[in-house]
Every structure is written in C-alpha cells, then in structure tokens.
C-alpha cells in the first residue's frame, strides 16, 4: 500500500545500464536539455541538480565539463520563463524530457505542446528523436503517444517507465535517474547511500531508527504542544532546493482532511482509501528557508513570534571548497567559511533554545551523492512514519484535484463527472464588491 518507492534503491543493473546509455548519448549530442514536469517531477530534479552538480552549473561551461545545460520548465503556467528559455536555445541542439504519469497535468501538458511545436519548427522532420517521455509503463495519454510514435520510428519519442505505485514526490530514485546521469552524478553512490539509510530505518528500536525518531518527536510536538509549522533550514546554499522538495513531500503527503480506511481492490490486495466519515484536518505546514540568509528574515519571527514551530537544521561538515577570510587583526580574518557557517548554525540553535523553541539538527558529513541519497531516503521514511502516526494516507493528494477540476470545467472539458460539474455550477466563485479595493 504505497511502499513501492521504498524498494527503488534496489533497482536492477539493467535499468542502470539503459539509463546511463541514453544519458551518455544525450550528453554527447546536445548542448541543452529541458525537463518538463511539476511537483516531485520538478522539485526532485531541481534539488538533485543544486545539491550534486557543480555550483553555477548552467551559467559556466567550465563547471559543466562539456555536459549540456539542464533547465526545468512545465512547473508553472507563467508564459514569460518558458518563452524566454526557448528564445535563447537552439532547437537543433536541445533535447526534451517530459515527465508525467498521465500526460494530462495542465502545466506540463501545455508546456510540452509549446516546446514540441518549437522543436518541430526548428529541428526538422526527425525532431521526435529529440524527445523522451518518463511516464506510466502501460497506460495514459503520454504512454499512448509514445507507443504510437515508436511504431512510426523506433528512435523517436522514446520512453522510460515511472514505476507503478510510486507517486511523484517519492520518485526521485526512479524518474530522476536520467537527469542525474546526464549531469554526471554517480547513481551507484546515490543508491548506496539510500540503501544504507534504509537499513537504519528498518530498526525496531526507536533510539537507533532516525526516521522513526524524527517522525515520533515531531508528531508528539504537533499533537501535544501545537507545533504546527515545520521550518527546514539547511546551512548550505546547495541544499535550499532540497528544503523546497521536502516542503512538497511533507505538505502533500500529510496535509489531509480525512483519515484513511483499508479496503480490498479487484486484485484482492489491500489498499488505503479516503475515509470521508472521519474528518481529521491534520498536517504540519512546511516552510523552506536557508541559513545564513534567512537569519535576517524568517528567524526574527521564529525567535520572537508565535511559539508554534519546529526547526530542522541541516549542517554540512565538509564543503567542496574552502575559502578563508584574508587579512589580519579583524575578528573574521583567518577564519574559514566552513567554520563561520557552522558557528552560525550553532548560534541559531542556541538562540532558539534560550526562547524554548524546539529544534533538531541533521549533520551531513558532505553534500555528495552518497550522503544526499541517504538524506532523501531519510525524509521519505520519516514522512511515511509520520503518516502512520497521524493515521492518514501519505500517498494520495485529493486536495490537489479541486483546482484541476475547476480549471478543466471552465475550459469546457468533455466527460467531466456529473457530481463535480454540479458542485462547480452550484457553488460559483463570487466576490463581494464591498471587499474589492
């Protein structure tokens, strides 16, 4: 019931070989790659690139070491960024990856239509060879398109499978592999870190199971002390996008109106369903920030505002490079940036303790594929454990469907369920003129 993601670090070597082969081909032939996706299909990829690629990967060719630039789009309906990106790339030297299980998500579907049209006009009749879809292995609009295009040209519109039962926010160890291989990340090390963390998170003893301990303490503070806001503050610029990814993981997994119930599906397997008779309205609110920059903004509220937050720090012990402040006589002179940023994290922890503000610290030896893989797996397991403690289904997202249904209804989509159409018709969006300034 939703635990397929937990087995992803044990994927077979054949999958590795195929992904690496495609990645090497793309890296050699193209100057740029555009990835289209939303939710975990965007945030996981951006988090991986920021954490594991050299800083300023896209900005400086020397950082990329002859690998292609890698851009993410299809995560919004803002026309400015997509158009600006396409205007500045050469369609003949650009590869397109579209990530969507169904192929029907509005943001990604619209961006793909625009990007495909751009490729078609600029790259020639065989533009389809510059497209790869990561999608459902069996069904859906995007899978159907892949199958149809492959019949016409086996080198056109290739596909990689999104594994069954794995939601986007839990899928970085599946849908993110191609991206990681293209930018030169050691996938084997990433999986090794995740597997090592898995062995620790399987312990029955809470004191040696970091994910279970994290989930238990946060649930107790949420339920008993009203700590309903979860601040994630990595003291590393390269981990800010990881904090953004965690915000989606926590918010979408655990922010639920209804509890869950167990039912049998047609295959005779147990599955979790939303229990509409059990209204719970639970879930902590995630806030993504970074040290030390946000010590001059959010931290003021965290220290002296309402005491309803838990802060998770991520401290990195060893950075890729070291910088020392030059000069003599000044209190900062001769100090390394690593020493200063670790001291800033320690000082922030101390300041919170003085005001009785709960916090915890995750220590990463370094931001490497191994340790980042372990970190992601830890957060996924902690979220799964917290879902168990809250007794909600951590693997669905029914609240996300509301805006999708309204959009498609207003766009005139055929075949909308009658109950949804009636609800929208009977509850129109009306704004009282008195409150419009």
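In my numbering, the protein residues as written are 144 to 580. Even glycine gets a Cβ: it sits at the ideal position worked out from N, Cα and C.
Task: Rounded separation between residue 631 and residue 367 - CA only - done: What is shown of the chain runs 144 to 580, which leaves residue 631 out entirely.
Task: Closest Cα partner of residue 302 within the set 308, 313, 310, 272 - done: Your numbering for residue 302 matches position 159 in the chain shown. That would be 272, whose Cα lies nearest to the Cα of residue 302.
Open item on the list: Assuming residue 371 and residue 428 are in contact, meaning their beta carbons sit under 8 Å apart, how far apart are those beta carbons, in whole angstroms?
Closed with: Walking along the chain shown from the start, residue 371 turns up at place 228. Walking along the chain shown from the start, residue 428 turns up at place 285. The Cβ separation is near 6 Å, so the contact holds.
Task: Rounded straight-line distance, which links the Cα of residue 436 to that of residue 380 - done: Start at 1 with the first residue of the chain shown, and residue 380 comes out as number 237. Start at 1 with the first residue of the chain shown, and residue 436 comes out as number 293. Taking the straight line joining both Cα atoms gives about 9 Å.
Open item on the list: Do residue 265 and residue 234 have their beta-carbon atoms positioned less than 7 Å apart in this structure?
Closed with: Position 91 of the chain shown, counting from 1, holds the residue named residue 234. Position 122 of the chain shown, counting from 1, holds the residue named residue 265. Their beta carbons are under 7 Å apart, which means residue 234 touches residue 265 by this criterion.
Task: Beta-carbon spacing of residue 360, residue 251 below 7 Å - done: Stepping through the chain shown from its first residue, residue 360 is reached at position 217. Stepping through the chain shown from its first residue, residue 251 is reached at position 108. Taking 7 Å as the Cβ cut-off, residue 360 and residue 251 do not qualify as a contacting pair.
Task: Same chain, Cβ closer than 7 Å to residue 408, five either side skipped, listed in chain order - done: For the purposes of this step, residue 408 is taken as the residue at position 265 of the chain shown. The answer, listed in chain order, is 414.
Open item on the list: Using 7 Å as the threshold, is the C-beta distance between residue 245 and residue 283 below it?
Closed with: Translated into positions along the chain shown, residue 245 becomes position 102. Translated into positions along the chain shown, residue 283 becomes position 140. Taking 7 Å as the Cβ cut-off, residue 245 and residue 283 qualify as a contacting pair.
- [ ] Measure the CB-CB distance between residue 215 and residue 188 and report whether it falls below 7 Å.
- [x] Here residue 215 refers to the residue found at position 72 when the chain shown is read from its first residue. Here residue 188 refers to the residue found at position 45 when the chain shown is read from its first residue. It is a contact, given that the beta carbons lie within the stated cut-off.
Open item on the list: So, for residue 447: in the same chain, excluding its five sequence neighbours on each side, which residues have a beta-carbon less than 8 Å away from its beta-carbon?
Closed with: Here residue 447 refers to the residue found at position 304 when the chain shown is read from its first residue. So the list reads 498, once near-sequence residues are dropped.
Open item on the list: Considering only their Cβ atoms, is the gap separating residue 434 from residue 376 smaller than 7 Å?
Closed with: Locating residue 376 in the chain shown gives position 233, counting from the first residue. Locating residue 434 in the chain shown gives position 291, counting from the first residue. Yes; because the gap between Cβ atoms is below 7 Å, this pair is in contact.
Task: Residue from 423, 416, 406 with nearest C-alpha to residue 398 - done: Numbered from 1 along the chain shown, position 255 holds the residue referred to as residue 398. Selected option, being the one with the closest Cα: 423.
TODO: Evaluate the contact criterion for the region 341 to 361 versus the region 189 to 199: three or more CB pairs, one atom per stretch, below 8 Å.
DONE: no
- [ ] Starting from residue 406, follow the beta strand (DSSP E) in both directions and report where the run begins and ends.
- [x] Residue mapping note: residue 406 aligns to position 263 of the chain shown, counting from 1. Unbroken beta strand (DSSP E) run through residue 406: 399 to 407.
Open item on the list: Between 459, 253, 470, 451, which has its C-alpha nearest residue 489's C-alpha?
Closed with: If you number the chain shown from 1, residue 489 lands on position 346. The candidate whose alpha carbon is nearest that of residue 489 is 459.
Task: Buried versus exposed, by CB contacts within 10 Å (16 or more), residue 452 - done: Sequence index remark: in the chain shown, residue 452 carries index 309 (1-based). Buried: at least 16 other Cβ atoms inside 10 Å.
Task: Beta-bridge partners of residue 502, as assigned by DSSP - done: Taking the first residue of the chain shown as position 1, residue 502 is located at position 359. Looking at the DSSP assignment, residue 502 forms a beta bridge with 454.
- [ ] Below 6 Å CB to CB, which residues in the same chain sit around residue 333 once its five sequence neighbours on both sides are set aside?
- [x] Your numbering for residue 333 matches position 190 in the chain shown. Taken in chain order, the residues that qualify are 512, 516.
Open item on the list: Suppose only complete runs of 4+ residues qualify. What are the alpha helix (DSSP H) ranges in the region 190 to 265, listed by chain order?
Closed with: 204 to 207, 222 to 230
Task: Own chain residues within Cβ distance below 6 Å of residue 357, not counting five before or after - done: On the chain shown, residue 357 is found 214 positions in, with the first residue counted as 1. For residue 357, where only same-chain residues beyond five positions count, the Cβ hits under 6 Å are 525.
Open item on the list: So the candidates are 181, 443, 292; which of them puts its Cα closest to the Cα of residue 392?
Closed with: Mapped onto the chain shown, residue 392 falls at position 249. Closest option to residue 392, Cα to Cα, is 181.
Open item on the list: Taking the straight line between their C-alpha atoms, what separation do you get for residue 495 and residue 321?
Closed with: On the chain shown, residue 495 is found 352 positions in, with the first residue counted as 1. On the chain shown, residue 321 is found 178 positions in, with the first residue counted as 1. In a straight line, the C-alpha of residue 495 is about 41 Å away from that of residue 321.
Open item on the list: Taking its Cβ as the centre, do 16 or more other Cβ atoms sit within 10 Å of residue 443, making it buried, or is it exposed?
Closed with: On the chain shown, residue 443 is found 300 positions in, with the first residue counted as 1. It counts as exposed.
- [ ] May I ask you to list the residues that DSSP assigns as paired with residue 176?
- [x] Position 33 of the chain shown, counted from the first residue, corresponds to residue 176. According to DSSP, residue 176 bridges with 213, 238.
Open item on the list: Am I right that residue 239 and residue 274 are in contact with their C-beta atoms under 8 Å? What's the rounded C-beta distance?
Closed with: As a working mapping, residue 239 is identified with position 96 in the chain shown. As a working mapping, residue 274 is identified with position 131 in the chain shown. With a Cβ gap of about 5 Å, residue 239 and residue 274 count as contacting.
Open item on the list: Measuring straight from C-alpha to C-alpha, what distance separates residue 509 and residue 457?
Closed with: For the purposes of this step, residue 509 is taken as residue 366 along the chain shown, with counting starting at 1. For the purposes of this step, residue 457 is taken as residue 314 along the chain shown, with counting starting at 1. Those two C-alpha atoms are separated by around 11 Å.
Task: Residue range of the beta strand (DSSP E) that includes residue 301 - done: Position 158 of the chain shown, counting from 1, holds the residue named residue 301. From DSSP, the beta strand (DSSP E) with residue 301 extends over 301 to 304.
Open item on the list: Less than 6 Å between C-beta atoms, sequence neighbours within five positions excluded: which residues of the same chain meet that for residue 468?
Closed with: Here residue 468 refers to the residue found at position 325 of the chain shown. Cβ within range, chain order: 475, 476, 478.
Task: Alpha-carbon to alpha-carbon, residue 543 and residue 220 - done: Counting from one through the chain shown, the residue named residue 220 turns up at place 77. Counting from one through the chain shown, the residue named residue 543 turns up at place 400. Their Cα atoms are separated by approximately 16 Å.
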